[in-house]
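Visitor: Below is a structure I'd like to ask you about.
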Amino acid sequence: MTTVNVPAGWPATEEEARAVQDELRAEVVLDEPGPQPGTGHVTGVDVAYDDARDIVAAAAVVLDAASLDVVAEATAVGRISFPYIPGLLAFREIPTVLAALEALPCPPGLVVCDGYGLAHPRRFGLAAHLGVLTGLPTFGVAKNPFAFTYDDPDAPRGSSSPLLAGGDEVGRALRTRAGVKPVFVSVGHRVGLDGACAHTLALTPRFRLPETTRRADSLCRRALQEATIRQRPTSASAES
DNA sequence: GCGACAG
DNA sequence: ATCTTGTCGC
Numbered sequence: 001m002t003t004v005n006v007p008a009g010w011p012a013t014e015e016e017a018r019a020v021q022d023e024l025r026a027e028v029v030l031d032e033p034g035p036q037p038g039t040g041h042v043t044g045v046d047v048a049y050d051d052a053r054d055i056v057a058a059a060a061v062v063l064d065a066a067s068l069d070v071v072a073e074a075t076a077v078g079r080i081s082f083p084y085i086p087g088l089l090a091f092r093e094i095p096t097v098l099a100a101l102e103a104l105p106c107p108p109g110l111v112v113c114d115g116y117g118l119a120h121p122r123r124f125g126l127a128a129h130l131g132v133l134t135g136l137p138t139f140g141v142a143k144n145p146f147a148f149t150y151d152d153p154d155a156p157r158g159s160s161s162p163l164l165a166g167g168d169e170v171g172r173a174l175r176t177r178a179g180v181k182p183v184f185v186s187v188g189h190r191v192g193l194d195g196a197c198a199h200t201l202a203l204t205p206r207f208r209l210p211e212t213t214r215r216a217d218s219l220c221r222r223a224l225q226e227a228t229i230r231q232r233p234t235s236a237s238a239e240s
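Each residue of the first sequence is one higher than the one before, starting from 1 at the first, in the UniProt record's numbering.
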C-alpha cells in the first residue's frame with residue numbers, strides 16, 4: 001500500500017473546483033468505441049472514508065475481462081482532499097485513486113468507477129475526470145440516479161432506458177439482474193455508451209453491481225481498517 | 001428562494 | 001460514504 005498527500009494546488013473551494021471541471025471538460029474524448037467487452041483488463045476503483053480521522057483509502061483491482069479473475073490489486077491511503085459536495089465528488093476521490101492506479105504492477109486497461117461520467121451537472125463527473133487525467137478509457141456505474149430522470153427499464157436483465165438531464169441522454173439505467181433496481185451507467189472517456197453497458201453486463205454475471213466495484217469496494221474497506229489500526233493501535237494489534 | 005443531490 | 005448482528009433465503 002502507498003501513501004499520498006493532497007496535491008499542491010488542489011482546489012480548496014467550490015468555485016475553484018468548478019473552474020477546474022469547466023476547463024478539463026474540453027479534454028474528454030467521446031468518439032472512441034472503447035475496448036472490446038470480454039478482452040484485456042478491466043479495473044475497478046473505489047474509495048472508503050474515515051472522516052473523523054481524516055483518512056481516505058482507495059483500491060484498484062484488475063480483472064481479466066474474460067474470466068473475471070483477479071490479476072492484480074493495489075491500495076493507497078491519504079488525507080481527505082475535499083468535502084463531499086454533490087457534483088464535486090471527484091475532488092474527494094481522485095488523488096488517492098490515482099496513487100492506487102499508479103501502484104499497480106500492470107496496465108489497468110478499462111477503468112470502471114463508482115459514480116458518474118457525463119451524467120453530471122457540468123458533464124464532467126468522476127469517471128470523465130479520471131479518464132482525462134490518466135488518458136485511460138473509463139466509465140461510471142452508479143447505484144443511484146442522482147438528480148436525473150429515467151423510466152424504469154423492463155424487468156429482464158439487459159433492459160435499459162435513457163438517463164435524462166433535461167432532453168439529453170447522459171447515461172443509461174441498466175437492469176443487471178431481472179426485477180432488481182437498475183444501475184446507472186455513464187461514459188467517462190474513450191468509451192461509447194453501448195460499450196459501457198456491454199461491459200457492465202459482462203461484469204454482472206451474478207450480482208447487481210459489477211465485479212470490479214464489488215472487489216474494489218471490499219479491498220478499500222480493508223485498507224481503511226488497516227490504516228485506522230496503524231494510526232490508533234488496538235490491544236489485538238499490539239499483542240502480535 | 002430553498003431543498004435535493006454520485007460517494 | 002457511514003452507523004451495524006443476526007438472519008432469511010437461494
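Backbone N, C-alpha and C fix where the C-beta goes; we use that ideal spot for every residue, glycine too. A quick note: this is a predicted structure, and the numbers were derived from the prediction, not measured.
Spatial neighbours of Q231 within its chain, please: C-beta separation below 6 Å, excluding the five flanking residues on both sides.
Guide: Taken in chain order, the list of residues that qualify is empty.
Visitor: Counting along the chain, where does the alpha helix (DSSP H) carrying I55 start and finish?
Guide: No alpha helix (DSSP H) contains I55, which is instead part of the beta strand (DSSP E) from I55 to D64.
Visitor: Does the distance from the CB of F139 to the CB of G34 come in under 9 Å?
Guide: A contact, by the Cβ cut-off of 9 Å.
Visitor: Alpha carbon to alpha carbon, how far is H189 from E169?
Guide: H189 and E169: Cα-Cα distance of roughly 16 Å.
Visitor: Entirely within the segment 90 to 121 and at least 4 residues each: give me those alpha helix (DSSP H) ranges in chain order.
Guide: Fully enclosed alpha helix (DSSP H) runs of 4 or longer: 90 to 102.
Visitor: Would you give the residue range spanned by the beta strand (DSSP E) that V180 belongs to?
Guide: Here V180 belongs to no beta strand (DSSP E), and DSSP marks it neither H nor E.
Visitor: May I have the straight-line CA-CA distance separating residue 241 from A198, to the nearest angstrom?
Guide: Limits of the chain in this structure are 1 at one end and 240 at the other, which puts residue 241 out of reach.
Visitor: How far does the beta strand (DSSP E) with residue 241 in it extend, from its first residue to its last?
Guide: In the structure as shown, the chain begins at 1 and stops at 240. Residue 241 is therefore absent and cannot be evaluated.
Visitor: Taking 8 Å as the cut-off, does the segment 17 to 33 touch the segment 140 to 149 (at least 3 CB pairs, one atom from each stretch)?
Guide: Contact between the segment 140 to 149 and the segment 17 to 33 is absent, because fewer than three Cβ pairs lie under 8 Å.
Visitor: Since T2 sits in a beta bridge, which residues does DSSP pair it with?
Guide: In the DSSP output, where bridge partners are listed per residue, T2 has A76.
Visitor: Who are residue 241's beta bridge partners in DSSP?
Guide: Outside the displayed range of the chain (1 to 240) lies residue 241, so it cannot be described from this structure.
Visitor: Among L24, T204, A17 and R208, which residue has its Cα nearest to the Cα of F135?
Guide: The residue you asked about is not Phe; residue 135 is Gly in the sequence shown. The shortest C-alpha separation from G135 is found at L24.
Visitor: For L118, which option in A196, V4 and R206 has the closest C-alpha, if you only look at C-alpha atoms?
Guide: Of A196, V4 and R206, the residue nearest in Cα terms is A196.
Visitor: Measure the C-alpha to C-alpha separation of D22 and E15 and round it to an integer number of angstroms.
Guide: In a straight line, the C-alpha of D22 is about 11 Å away from that of E15.
Visitor: Can you give me the Cβ contacts of R214 inside the same chain, cut-off strictly under 7 Å, excluding the 5 residues immediately before and after it?
Guide: The residues are F207.
Visitor: Is the segment 57 to 74 touching the segment 42 to 49, taking contact as three or more C-beta pairs under 8 Å?
Guide: They touch, by the three-pair rule.
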